[in-house]
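Reviewing the structure listed below.
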Amino acid sequence: MSGLLEIKNLSKSFDTTKVINDFSMTVDEGTICCLVGPNGAGKTTTIDLITGRVKPTSGKIIFVGDDITGEDEHVIARAGIGRKFQVPAVLRDMTVRQNLEVAYSRETNPFRNLFRFRRAGLKKKFDEVAAIAGLARRLDVLAGNLSHGETQWLEIGMVLMQEPRLMLMDEPIAGMTEGEIEKTAHIFKELRKTSTLIVVEHDMGFVREIADVVTVMHMGSLLAQGSISEIEANQRVRDVYLGEQEAA
Ligand SMILES: Nc1ncnc2c1ncn2[C@@H]1O[C@H](COP(=O)(O)OP(=O)(O)O)[C@@H](O)[C@H]1O
Ligand SMILES: [Mg+2]
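Residues 16 to 263 (the working numbering) are what the sequence shown spells out, left to right.
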């Protein structure tokens, strides 16, 4: 069986520096894949390559059987790949509901938009997304008045309005409280029922909680891939990454 997303022998150089070096991985539908590795390993660049923000020097990216290598960002978004950015992009002077509306109207395929509007009605859609993102009682609150964690969840909700088949998140729990982290783990497990997730994360406790598969990058290459227990038992991973994590 082939995966939802297949990255094959991907490389990316900035000037003369090879930042991604013959990197391959497969992500299966309905799983949460955590992408980990030391700072500078190339995790964010990999996300940028998948979303089309950065173009690869060589290699292939296959999504649902289609070659999306080198496509424009909007084409890749329309194909069903959504991304949550590290810096929140919510509109602070608008309510949670209005932010979801804005995200919805950004839908890049007008026919799909029209169809979905007729099919389900917008209100039902907002209620569903708000429930998954844990914001059901916060729809009329100004986004500027949300806590840090709630702001992150609103952003996840905004990505969800596009109904992505694959969601990419770069360090989604940075700056969150313990309680917020726990709730985010719960949200991700809900998301997995309808979507596939790639999550870049340093917090191994969180990774242990959510990951079906852990992919370890080191110097732009694949170091290891497996279950959390396989990864934690892997001596090479311990040497280049986990040892350093435990010391910190
Ligand atoms: N636009 C760029 N130009 C030059 N070097 C870059 C650029 N983007 C990232 N890099 C370099 O690529 C390497 C990997 O970066 P990054 O993907 O951000 O790592 P990670 O997210 O794993 O910490 C780093 O050495 C970084 O300095
Ligand atoms: Mg990064």
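No residue lacks a Cβ here, since even glycine has one placed at the ideal position from N, Cα and C.
Query - DSSP beta-bridge partners of S17 - result: Here residue 17 refers to the residue found at position 2 of the sequence shown. According to DSSP, S17 bridges with nothing at all.
Query raised in the report: Relative to the C-alpha of D108, which residue among D155, V79, E86, D87 is closest?
Result: Taking the sequence shown and counting its residues from 1, one reaches residue 108 at position 93. The shortest C-alpha separation from D108 is found at D155.
Query raised in the report: Distance, Cα to Cα, M40 vs K23?
Result: Here residue 40 is taken as the residue at index 25 of the sequence shown, counted from 1. Here residue 23 is taken as the residue at index 8 of the sequence shown, counted from 1. Going by the C-alpha atoms only, they are around 7 Å apart.
Query raised in the report: Hey, how far is the Cα of V117 from the Cα of H217?
Result: The residue given as residue 117 occupies position 102 in the sequence shown. The residue given as residue 217 occupies position 202 in the sequence shown. Cα-Cα distance, rounded: 31 Å.
Query raised in the report: Using CA coordinates, which residue listed in G18, L50, T32, G45 is at the minimum distance from L238?
Result: The sequence position of residue 238 within the sequence shown is 223, counting from 1. Among G18, L50, T32, G45, the Cα nearest to that of L238 belongs to L50.
Report task. Look up Q240 in the DSSP assignment and give the residues it is bridged to. Result -> For the purposes of this step, residue 240 is identified with residue 225 of the sequence shown, where counting begins at 1. In DSSP, Q240 forms a bridge with T230.
Query raised in the report: Quick one: what's got a C-beta closer than 7 Å to V255's C-beta in the same chain, skipping five residues either side?
Result: To locate residue 255, count along the sequence shown from 1; it is residue 240. P53, H233, L238.
Requested in this report: Over the uninterrupted alpha helix (DSSP H) stretch that includes L169, give me the two end residues.
Outcome: Within the sequence shown, residue 169 is the residue found at index 154, counting from 1. Segment 163-175, the alpha helix (DSSP H) holding L169.
Requested in this report: To the nearest angstrom, report how far apart T211 and R98 are at their CA atoms.
Outcome: As a working mapping, residue 211 is identified with position 196 in the sequence shown. As a working mapping, residue 98 is identified with position 83 in the sequence shown. Each residue's alpha carbon lies about 12 Å from the other.
Query raised in the report: Can you find a heavy atom of ligand 4 that lies under 8 Å from the Cβ of N54?
Result: This structure lacks ligand 4; its bound ligands are ligand 1 and ligand 2.
Requested in this report: Spell out the partners DSSP gives M219 in its beta bridges.
Outcome: Within the sequence shown, residue 219 is the residue found at index 204, counting from 1. Beta-bridge pairing links M219 to no other residue.
Requested in this report: For I147, name the three-state secondary structure that DSSP assigns.
Outcome: Along the sequence shown, read from residue 1 onward, the residue named residue 147 stands at position 132. In this structure, I147 counts as helix in the three-state DSSP scheme.
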